[in-house]
Amino acid sequence: MNIKTPAWRTLALTSLVSCLLLGCEQDATTESVAKKPRPAPVVETATVEERFVVDEIDAIGTLQANESVVISAAVTEPVASVNFVDGQQVKKGDVLVTLTSDEQAAELAESEANLADAKRQLKRIKSIGKNLASKSDIDAAQAKVDATKGQLSAIKARLADRLVTAPFDGVLGFRQVSVGALVTPGTEITTLDDISIVKLDFTVPEVFLGKVHTQSLVSGTSPAWAGQIFEGRVASIDSRVDPSTRAIQVRAEIANADHKLLPGMLINVTLFSDQYPALVVAESAVIQSGSRASLYVVKDDNSVELRNVTIAKRMPGQVVLSEGVERGDTIVVDGTLNLSPGMKVRVLGEEQSSLARESDSSNIHSS
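Residue 41 is where the sequence shown starts when you use my numbering, and the numbers rise one by one after that.
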């Protein structure tokens, strides 16, 4: 006897069998994917190089004029004339102020007349002849000439004191006197600064004393001249260390032909010490964990080794290492986050070359 199976039961049985078969296929696919090895991560590398490094010491300094003086009178006299304006650039010997000198001018004229008369008398006595003029008469006439010359020189010196002149080339400050003012020795007339060269004074800690030498290069910047760098050299180093600050004063000289730098300005200073060879790597290669620094070194079989390193100096975008690597080592500079010690890697440049070779090979087979 044939028993007819309902259609719905046949359909359900067929679906169950299909699901079981499909599930087996999916499990096989998943197992196949799980067994497939992950590709090695691609990293960017660089070679450890030895370069010359210059230590930089930062400080803050103050500018001073190369030569600076307060102009004043040597005698007490009224001002007869003022021959300069504020901020004028003058040469050595230029007359800045003339003091009243009528009395000295009269004495000068009298002394010149007396000298001329003394010379005539000496000439007359000598012309008489040795038989008529005694040696004592000639000596007396000569002594009078010499004495009159001395008086004349003294008067000229007093006249020179009435002329206030520039002792060196430079730039004058503000005028502090007017015509008719009575000046005395020490009265400030103006100031004079030689700023063709400026002196930059700054201090450095005593621990850097061995790295500071005369003729060491310095560079400075000023907020007044944004973006401009002024260069000079160390001219002298103080002979004492300040016991309260444990710092030593250093003086550098900077050429200032355009007079942009003025005495009293604040300068941010960078002092460059001697050059020395060192191992330099990119800062991105260093993995910092607390106080410990490390980096990945790529070995010959393209596996990576994690090495601890010692950082001797940091520079913008780079670090100087004193221990942990050697010159010529290949290190990972980009892609360190995906690495672990012993892992195989693919180098970025080599990966691109491999892809290019595979592309060329496929083109040959297809043709």
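Beta carbons are placed, not taken as given, at the ideal position from N, Cα and C, and that holds for glycine.
Given a length threshold of 4 residues, each whole run of the alpha helix (DSSP H) inside the stretch 166–220 is given here in chain order: 175–201. Membership of S259 in the beta strand (DSSP E) is indicated by the continuous run L257 to T261. Residue V130 holds the alpha-carbon nearest to the alpha-carbon of V211 among K196, D298 and V130. A contact is defined here as three or more CB-CB pairs under 8 Å, and the stretch 114–129 fails this definition with respect to the stretch 270–282.
Every unbroken stretch of the beta strand (DSSP E) spanning 3 or more residues and falling wholly within the stretch 243–331 is given here in chain order: 257–261, 270–282, 287–295, 306–322 and 327–329. Using a Cβ distance threshold of 7 Å, V83 and V372 count as a contacting pair.
The DSSP-derived three-state label of D340 is coil.
In the structure shown, the three-state DSSP call for A80 is coil. The stretch 333–349 makes contact with the stretch 380–390: 3 or more CB pairs, one atom from each, lie closer than 8 Å. Under the DSSP assignment, G101 falls in the beta strand (DSSP E) whose first and last residues are E89 to S112. Scanning its chain for C-beta atoms nearer than 7 Å, with the 5 sequence neighbours on each side dropped, one finds around A114 the residues D201 and P225, in chain order. Between N348 and K339, the alpha-carbon positions lie close to 15 Å from each other. Relative to the Cα of S167, the nearest Cα in the group A181, L155, A206 and A156 belongs to A181. Between I229 and V217, the C-beta gap is smaller than 7 Å, which places the two residues in contact.
Note: V137 is bridge-paired with V122 and V204 in the DSSP secondary-structure output.
In this structure, the alpha-carbon of F208 lies about 52 Å from that of L361. Between R354 and E90, the CB-CB gap reaches or exceeds 7 Å. When secondary structure is reduced to three states using DSSP, L388 falls in the helix class.
Membership of T370 in the beta strand (DSSP E) is indicated by the continuous run T370 to D374. Contact annotation: A105 and P263 have beta-carbon atoms that are not nearer than 7 Å. For L361, the enclosing beta strand (DSSP E) begins and ends at Q358 to E363. One alpha carbon belongs to A266, the other to N308, and they sit about 12 Å apart.
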